[in-house]
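Colleague: Line order of the protein sequences matches chains A and B. In terms of the numbering used here, the first sequence is numbered consecutively and its last residue is 161. In terms of the numbering used here, the second sequence is numbered consecutively and its last residue is 687. By construction, the Cβ of each residue, glycine as well, lies at the ideal position given by its N, Cα and C atoms. None of the values given here were measured: they were computed from a predicted structure. Below is the structure I would like to discuss, written out as structure tokens.
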Amino acid sequence: MLDKSYYEKVDEIIAGYGTESRFLIPIIQDVQSEYRYLPPELLKYIADKLHITEAKAYSVATFYENFSFDQKGKYVIKVCDGTACHVRKGTDVLEKLREVLQLKPGQKTTDDMLFTLETVSCLGACGLAPVLTVNDEVHPAMTPDKVIDLISSIMKEEQA
Amino acid sequence: MRIANREELALAREKSAQAMKAESYRILICAGTGCLAGGSEKIYEKLVQLAKDQGQQVNVTVEFGEGIAHNSDGSCPVNGNCAGIKKSGCHGFCEMGPLVRIEPLGVLYIKVKESDCEEIFNKTILQGQVIERLLYTMNGVAYKAQEDIPFYAKQTRLVLKNCGHIDSEHISEYFAVGGYSALEKALFTMTPEEVVNCIYDSELRGRGGGGFQTGYKWRQVARQKETIRYVVCNGDEGDPGAFMDRSVMEGDPHKMIEGMIIAGYAVGAQEGYIYVRAEYPLAIKRLKIAIAQAEETGLLGENILGSGYSFKLHINRGAGAFVCGEGSALTASIEGERGMPRTKPPRTVEQGLFGKPTVLNNVETYANVPMIINNGAAWYKSIGTEKSPGTKAFAVTGSIKNTGLIEVPMGTTLREIVYEIGGGIKNDKKFKAVQIGGPSGGCLIGTDLDLPLDFDSLKKRGAMIGSGGLVIMDEDTCMVEVARFFMNFTQNESCGKCIPCREGTKRMLELLEEIVAGNGTMEHLDMLEELGTAITDTSLCGLGKSAALPVLSTLRTFRDEYVEHVVDKRCRTGVCKSLCSITIDPAKCKGCSKCARNCPVSAIEGQIRNPYTIDQSKCIKCGACLDNCPFGAISRG
Ligand SMILES: Cc1cc2nc3c(=O)[nH]c(=O)nc-3n(C[C@H](O)[C@H](O)[C@H](O)COP(=O)(O)O)c2cc1C
Ligand code: SF4
Ligand code: SF4
Ligand code: FES
Ligand code: FES
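Laid out in structure tokens, this is it:
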């Protein structure tokens with residue numbers, strides 16, 4: 002059971018939109034940006050409020066790639082795998098990150114819940130390819146070496 | 051500051067223009083996604099501080115309709131001591147960012163750092179001197195004026211005209227360059243039908259991919275019996291490697307909004323929706339600001355400018371599904387459903403959003419509308435080609451010297467784009483191909499360089515303009531791998547509604563993966579062709595229908611490379627790691643042992659000062675040795 006504050010937050014978000022079913026997506030988007038994931042308990046709660054079945058809400062939430070029922074790390078790193086970044090060796094950057102963060106195949110979030118590694122197709126900064134973002138902040142013209150610096154500077158900040 | 055009528059709008063425009071003119075100089079710091087990543091925010095703050103230190107008034111703002119900060123004769127209340135330091139939208143030259151443009155000199159400084167600001171201020175602003183080292187230089191020529199830089203000189207920037215030149219977060223800047231004059235003209239001097247006719251006559255074709263005539267669409271919506279109608283803007287920009295819509299939404303959002311309001315008036319819609327992909331947080335922010343300011347000034351909402359016409363605008367964020375760029379999937383997504391395309395008819399113009407008649411157009415399409423209304427259909431048709439009038443924005447990326455966002459008249463050749471605007475292939479490599487239209491597009495090669503880029507010429511070549519992504523590839527690009535890359539993308543994005551697309555793309559991807567892994571046979575190629583044709587013929591929506599295009603078009607043009615992969619087990623570019631080997635050239639190797647120390651799997655053996663060798667059975671082709679050899683003795687091939 003989640004803390005009461007979660008439900009209060011959701012009530013507040015719903016109040017900002019209304020209880021029509023068409024607001025399902027913006028509501029769960031806001032919930033996700035609040036908690037960096039979509040707690041399944043809240044999805045059921047929202048479904049009830051919008052008078053739709055839990056199955057329906059679940060079918061929508063699972064359709065879109067952006068929604069995650071798993072808790073994400075404190076730093077969400079999104080490596081662009083769009084065409085421009087791909088032809089400029091974005092894959093090498095991704096591989097380096099997997100190595101540096103010691104992620105096993107299929108693993109997205111580090112065991113210490115510090116980093117989540119994802120790919121996206123195009124961040125719209127193609128002129129600076131290859132690109133990645135850390136919590137929406139864009140890092141241009143990445144190389145495997147710069148990846149090492151980036152992670153170690155975040156780690157240093159964390160330890161401080 | 052609500053603008054109540056036509057006259058007040060004219061006044062607001064005039065005063066905004068005066069205020070802009072009164073600025074003794076204007077510094078535009080690019081605050082597009084690219085330049086912000088390069089630190090342009092800090093540059094902005096620093097320059098504002100420097101101006102304030104000089105006792106200058108920075109960014110004197112205008113309040114419309116009533117008393118403004120300027121004298122009634124338009125002169126400056128602070129005796130020319132007012133500075134305009136603004137954050138602009140993207141110039142399309144992001145690779146050179148952060149960019150700083152200084153007016154009235156017209157200079158563009160590139161790769162500006164915070165530490166350059168003092169010099170910029172002291173020399174350029176205070177003394178009018180140009181700082182040579184911050185200019186764009188090509189072949190020994192340093193370009194002072196932005197407009198002379200070859201990248202810009204060959205462009206025709208109409209839709210992108212204001213991007214980089216105004217501050218998109220203030221509606222007064224848009225007023226100053228004549229903003230909302232087209233809306234005014236439409237509302238007060240044209241009937242809705244005349245507006246539809248004007249767009250119809252201009253033969254404006256949708257910029258989202260299909261190239262469908264916009265006026266035709268509007269006319270159909272205007273003729274529906276149902277009176278509740280919607281206007282929807284497709285800002286999903288799913289093509290990975292394209293960012294023209296992003297630039298418009300970030301750099302000149304009012305232009306697109308103005309186009310949407312005009313569309314709403316023309317077809318009798320009461321509400322509009324803008325669907326923006328979630329990966330564009332800055333575009334969403336700027337659009338929200340623009341809508342709020344348009345509402346505040348009475349350009350959106352009830353009784354716009356006292357004309358009696360009312361229109362509301364909403365923003366919906368995408369949630370990471372490429373297929374939502376398809377019209378019926380997009381409207382389903384706004385309705386709160388899974389974003390899956392549906393069978394047609396009924397078409398969107400009859401039963402679109404919430405089952406009502408809907409005009410659905412792309413961002414760039416709407417951004418074309420105000421200038422067509424202002425200058426007329428005949429003027430518009432004088433630009434571009436007969437069947438594809440106007441300009442088109444392209445995102446030019448990949449192995450090219452000048453990557454960026456460009457705008458050229460329809461019918462411009464690929465050669466002009468690659469060699470004149472783009473400056474040629476990066477590192478002077480050989481041109482190999484251009485992928486146009488992203489994952490649903492096709493491949494153009496050397497013999498197509500003189501093909502005019504317009505909707506119909508490309509269709510004949512089995513490609514399409516699509517959204518306008520142009521990925522330039524040089525001799526080091528493996529076309530089979532590129533085809534695999536696109537298939538991986540579409541396979542991932544297939545919504546799963548119909549079997550040919552859902553299963554077919556998966557099987558095609560498996561075949562391609564086997565080929566790049568060195569396990570392909572000639573039958574693989576036949577199967578790819580057969581499957582590709584079947585998927586194209588039987589899928590429900592455009593995603594499935596075009597999913598096989600990159601494979602089929604590379605199979606046609608680069609068949610020899612596929613054959614090499616499956617028969618000779620060779621990838622001539624060395625991109626497919628399983629098909630290449632890393633070797634040490636004994637003639638170049640000095641036996642320094644550096645490679646052996648770097649190899650993560652101890653695959654390199656040898657004796658100091660004698661040539662080293664790689665044990666191919668151990669080598670994982672990671673390339674670590676290659677990058678580290680001080681004598682360039684190691685190569686992939
Ligand atoms: C899979 C798929 C993705 C699409 N993605 C986009 C997109 O990102 N942006 C866009 O404007 N049109 C996209 N389209 C085209 C739209 O369906 C539609 O034709 C277009 O938005 C209409 O506007 P226009 O006539 O102004 O081009 C896509 C189509 C398909 C089939
Ligand atoms: S073609 Fe593909 S994306 Fe389109 S409806 Fe069918 S399964 Fe979905
Ligand atoms: S490519 Fe990698 S694995 Fe192969 S020899 Fe060089 S360093 Fe070793
Ligand atoms: S392809 Fe990576 S930002 Fe566009
Ligand atoms: S973001 Fe500055 S030029 Fe594109």
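Check Ile185(B) in the structure and name its three-state DSSP category.
Modeller: Position 135 of the second sequence holds residue 185(B). The displayed chain sequence assigns Leu, not Ile, to residue 185(B). Coil at Leu185(B), not helix or strand.
Colleague: Work out the CA separation of Ile422(B) and Asn366(B) for me, nearest whole Å.
Modeller: Along the second sequence, read from residue 1 onward, the residue named residue 366(B) stands at position 316. Along the second sequence, read from residue 1 onward, the residue named residue 422(B) stands at position 372. When rounded, the distance between both Cα atoms is 27 Å.
Colleague: So which residues of chain C does Gly83(A) contact, with C-beta pairs closer than 7 Å?
Modeller: Included in the structure are the protein chains A and B, with no chain C among them.
Colleague: Quick check: is the beta carbon of Ala119(B) nearer than 8 Å to any beta carbon in chain A?
Modeller: One-based indexing of the second sequence puts residue 119(B) at position 69. The pLDDT assigned to Ala119(B) is 49, lower than 50, so where the model puts this residue is not dependable, and the model offers no usable value.
Colleague: With distances taken between CB atoms, is the gap from Cys80(B) to Leu149(B) smaller than 8 Å?
Modeller: Here residue 80(B) refers to the residue found at position 30 when the second sequence is read from its first residue. Here residue 149(B) refers to the residue found at position 99 when the second sequence is read from its first residue. Yes, Cβ-Cβ distance for Cys80(B) and Leu149(B) is below 8 Å.
Colleague: Give every residue of the same chain whose Cβ lies closer than 7 Å to the Cβ of Gly546(B), excluding the five residues on either side of it in the sequence, and list them in chain order.
Modeller: Position 496 of the second sequence, counting from 1, holds the residue named residue 546(B). Closer than 7 Å at Cβ, skipping near neighbours: Arg552.
Colleague: Where Ala567(B) and Lys619(B) are concerned, what is the direct C-alpha to C-alpha distance, given to the nearest angstrom?
Modeller: Within the second sequence, the letter at position 517 stands for residue 567(B). Within the second sequence, the letter at position 569 stands for residue 619(B). Roughly 9 Å separates the two Cα atoms.
Colleague: Sort Lys671(B), Pro636(B) and Ala653(B) by Cα distance to Pro661(B) and report the nearest one.
Modeller: Mapped onto the second sequence, residue 661(B) falls at position 611. For the residues Lys671(B), Pro636(B) and Ala653(B), the minimum Cα distance to Pro661(B) belongs to Pro636(B).
Colleague: Please return the same chain residues whose Cβ sits closer than 8 Å to the Cβ of Phe114(B), not counting the five positions on each side in sequence.
Modeller: Here residue 114(B) refers to the residue found at position 64 of the second sequence. Because Phe114(B) sits at a pLDDT of 46, beneath the cut-off of 50, its placement in the model cannot be relied upon, and the following sentence gives the value as read from the coordinates. For Phe114(B), where only same-chain residues beyond five positions count, the Cβ hits under 8 Å are Met51, Ile53, Glu58, Leu61, Ala62, Lys65, Ser66, Ser222, Phe225 and Thr347.
Colleague: Measure the alpha-carbon distance for Ser231(B) versus Asn424(B) and round it to whole angstroms.
Modeller: Within the second sequence, residue 231(B) is the residue found at index 181, counting from 1. Within the second sequence, residue 424(B) is the residue found at index 374, counting from 1. Computed Cα separation, rounded: 7 Å.
Colleague: Pull up the DSSP beta-bridge partners for Arg686(B), would you.
Modeller: Numbered from 1 along the second sequence, position 636 holds the residue referred to as residue 686(B). Arg686(B) is bridged to Ile632(B).
Colleague: With a cut-off of 8 Å, do at least 3 Cβ pairs link the stretch 37-49 of chain A to the stretch 65-80 of chain A?
Modeller: Because the criterion of three Cβ pairs below 8 Å is met, the stretch 37-49 of chain A and the stretch 65-80 of chain A touch.
Colleague: Determine the extent of the beta strand (DSSP E) in which Lys102(B) is found, giving its start and end residues.
Modeller: Position 52 of the second sequence holds residue 102(B). Taken as a continuous stretch (DSSP letters only), Lys102(B) belongs to no beta strand (DSSP E), being part of the alpha helix (DSSP H) at Ser90 to Asp103.
Colleague: Relative to ligand 1, is the shortest distance from any of its heavy atoms to the C-beta of Glu588(B) smaller than 7 Å?
Modeller: One-based indexing of the second sequence puts residue 588(B) at position 538. Note that residue 588(B) is Thr in the sequence shown, not Glu. No; taking the cut-off as 7 Å, the Cβ of Thr588(B) has no heavy atom of ligand 1 nearer than that.
Colleague: Between the beta-carbon of Asn418(B) and the beta-carbon of Val209(B), is there less than 8 Å?
Modeller: The sequence position of residue 418(B) within the second sequence is 368, counting from 1. The sequence position of residue 209(B) within the second sequence is 159, counting from 1. The answer is yes: Cβ separation under 8 Å.
Colleague: Taking CB distances under 8 Å as the criterion, tell me whether Glu116(B) reaches chain A.
Modeller: The residue given as residue 116(B) occupies position 66 in the second sequence. Model confidence at Glu116(B) stands at a pLDDT of 35, short of 50, so the residue's coordinates are unreliable and nothing is read from them.
Colleague: Which residues does DSSP pair with His364(B) in a beta bridge?
Modeller: Reading the second sequence from its first residue, position 314 is the one you call residue 364(B). Its beta-bridge partners are Tyr323(B).
Colleague: State yes or no: is the beta carbon of Ile149(A) nearer than 8 Å to at least one beta carbon in chain B?
Modeller: Walking along the first sequence from the start, residue 149(A) turns up at place 148. Ile149(A) does not count as touching chain B.
Colleague: Count the other CB atoms, across all protein chains shown, that sit within 10 Å of the CB of Asp146(A); report buried if there are 16 or more and exposed otherwise.
Modeller: Mapped onto the first sequence, residue 146(A) falls at position 145. So Asp146(A) counts as exposed.
Colleague: Is the stretch 571-588 of chain B in contact with the stretch 463-483 of chain B, if contact means three or more CB pairs nearer than 8 Å?
Modeller: Too few Cβ pairs lie closer than 8 Å, so no.
Colleague: Between Arg647(B) and chain A, is any beta-carbon pair separated by less than 8 Å?
Modeller: If you number the second sequence from 1, residue 647(B) lands on position 597. So no, Arg647(B) is outside the interface.
Colleague: With a cut-off of 8 Å, do at least 3 Cβ pairs link the stretch 403-415 of chain B to the stretch 191-202 of chain B?
Modeller: Result no; under three Cβ-Cβ pairs closer than 8 Å.
Colleague: Verify whether the separation of the beta carbon atoms of Ala445(B) and Ala292(B) is less than 8 Å.
Modeller: Position 395 of the second sequence holds residue 445(B). Position 242 of the second sequence holds residue 292(B). Yes, these two residues count as a Cβ contact at 8 Å.
Colleague: Consider the C-beta atom of His140(A) and the heavy atoms of ligand 5; say whether any pair is separated by less than 7 Å.
Modeller: Position 139 of the first sequence holds residue 140(A). No, the beta carbon of His140(A) sits no closer than 7 Å to any heavy atom of ligand 5.
Colleague: In chain order, what residues of the same chain lie with their CB nearer than 7 Å to the CB of Arg10(B), ignoring the 5 residues before and after it?
Modeller: Here chain B has residues from 51 to 687 only, and residue 10(B) is not among them.
Colleague: For Thr604(B), decide whether its Cβ has a neighbour in chain A, counting only Cβ atoms nearer than 8 Å.
Modeller: The count along the second sequence starts at 1 and reaches residue 604(B) at position 554. Not closer than 8 Å to any Cβ of chain A, the Cβ of Thr604(B) fails to qualify, so no.
Colleague: Going along the chain, which unbroken runs of the beta strand (DSSP E) with 3 or more residues stay wholly within the stretch 230-273 of chain B?
Modeller: Whole beta strand (DSSP E) segments, 3+ residues: zero.
Colleague: What does the alpha-carbon distance come out to for the pair Asn212(B) and His141(B)?
Modeller: In the second sequence, residue 212(B) corresponds to position 162, counting from 1. In the second sequence, residue 141(B) corresponds to position 91, counting from 1. Whole-angstrom Cα-Cα distance: 9 Å.
Colleague: Give the interface partners of Pro331(B) over in chain A, defined as CB-CB distance under 7 Å, in chain order.
Modeller: Your numbering for residue 331(B) matches position 281 in the second sequence. Correct list: Asp137.
Colleague: Using the Cα positions of Met156(A) and Val625(B), report the straight-line distance between them to the nearest angstrom.
Modeller: For the purposes of this step, residue 156(A) is identified with residue 155 of the first sequence, where counting begins at 1. For the purposes of this step, residue 625(B) is identified with residue 575 of the second sequence, where counting begins at 1. Cα to Cα, Met156(A) sits roughly 33 Å from Val625(B).
Colleague: Report, in whole angstroms, the separation of the C-beta atoms of Met114(A) and Gly74(A), which I expect to be a contact under 8 Å.
Modeller: As a working mapping, residue 114(A) is identified with position 113 in the first sequence. As a working mapping, residue 74(A) is identified with position 73 in the first sequence. So it is a contact: roughly 5 Å between Cβ atoms.
Colleague: Going along chain A, which residues have a C-beta under 9 Å from Ser449(B)?
Modeller: Translated into the one-based positions of the second sequence, residue 449(B) becomes position 399. Here the neighbours are Val88 and Arg89.
Colleague: Taking the alpha carbon of Thr134(A) as the reference point, which residue from Arg273(B), Lys305(B) and Pro331(B) has its own alpha carbon closest?
Modeller: What you label residue 134(A) is simply residue 133 of the first sequence in a count that begins at 1. When each option's Cα is compared against that of Thr134(A), the closest is Pro331(B).
Colleague: Under 9 Å, CB to CB, which of the residues in the stretch 468-498 of chain B have a partner in chain A?
Modeller: Here the close residues are Gln485, Gly488 and Pro489.
Colleague: I want to check one thing, is the minimum distance from the CB of Thr84(A) to the heavy atoms of ligand 4 below 7 Å?
Modeller: Position 83 of the first sequence holds residue 84(A). Yes; taking the cut-off as 7 Å, the Cβ of Thr84(A) has a heavy atom of ligand 4 nearer than that.
Colleague: With 16 other CB atoms within 10 Å as the buried threshold, where does His52(A) fall?
Modeller: Sequence index remark: in the first sequence, residue 52(A) carries index 51 (1-based). The residue in question, His52(A), is exposed, as its Cβ has fewer than 16 Cβ neighbours within 10 Å.
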